[in-house]
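S.K.:
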Amino acid sequence: MTLLLQAAAESGSVTGFLVTIAVLFSLPLVILLLGRLFEQFF
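Numbering (UniProt numbering), first residue to last: 1 to 42.
1) Using DSSP with H/G/I as helix, E/B as strand and the rest coil, what is residue 12?
2) What's the gap between the Cα of residue 14 and the Cα of residue 32?
3) Just the C-alpha distance for residue 25 and residue 10, rounded to the nearest angstrom, thanks.
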């Protein structure tokens, strides 16, 4: 996780940094949603 943040910071692009943060925050939400779907179907 910190490696991704460091890579985004070193690249110097603010957009890349924001995209990295957005992906990091959205991953847990996606995993939670998939977990609930699996609970319903199985």
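By construction, the Cβ of each residue, glycine as well, lies at the ideal position given by its N, Cα and C atoms.
M.R.: On the basis of the data shown:
1) In the displayed model, residue 12 falls within coil according to three-state DSSP, outside both helix and strand.
2) One C-alpha to the other measures close to 28 Å.
3) Looking at the backbone, the Cα of residue 25 and that of residue 10 are separated by about 20 Å.
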